[in-house]
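Participant: One structure is given below, represented as structure tokens, and several questions about it will come after.
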Amino acid sequence: MNSNESIRVVIRKPYHPLLKKLAQQMNLDDYGEVINFLLLEFQRNGYNFQTEQPTDSQTQKLDEKDLVNNLAAMF
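In terms of my numbering, the sequence shown opens at residue 62 and continues consecutively.
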């Protein structure tokens, strides 16, 4: 696969609001660029998954705060 090749993916409906919110905060119209950023961050973190399991409310607050801060720093 070369670097210009595209892959189509389907984002499940429950994730649409988060994707739209991130795109809006990044001032992007292309949701694919949001996904590309998320993949880049995942790669930068060495593909590490979180080992501790916070509660759902903690996870949502942390995810939104961390992503927003990372996305804001990028632009």
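Where is the CB? At the ideal position from N, CA and C, for every residue including glycine.
Taking the straight line between their C-alpha atoms, what separation do you get for ILE96 and LEU79?
Facilitator: Numbered from its first residue, the sequence shown carries residue 96 at position 35. Numbered from its first residue, the sequence shown carries residue 79 at position 18. Distance between the alpha carbons of ILE96 and LEU79 is about 11 Å.
Participant: Roughly how many angstroms lie between the CA atoms of PHE98 and TYR92, to the nearest whole one?
Facilitator: Here residue 98 refers to the residue found at position 37 when the sequence shown is read from its first residue. Here residue 92 refers to the residue found at position 31 when the sequence shown is read from its first residue. Their backbone Cα atoms lie some 10 Å apart in a straight line.
Participant: Decide if LEU101 is buried, meaning its Cβ has at least 16 other Cβ atoms within 10 Å, or exposed.
Facilitator: Numbered from 1 along the sequence shown, position 40 holds the residue referred to as residue 101. With fewer than 16 Cβ atoms within 10 Å of its Cβ, LEU101 is classed as exposed.
Participant: Over the uninterrupted alpha helix (DSSP H) stretch that includes ARG105, give me the two end residues.
Facilitator: Indexing the sequence shown from 1 puts residue 105 at position 44. Unbroken alpha helix (DSSP H) run through ARG105: 92–105.
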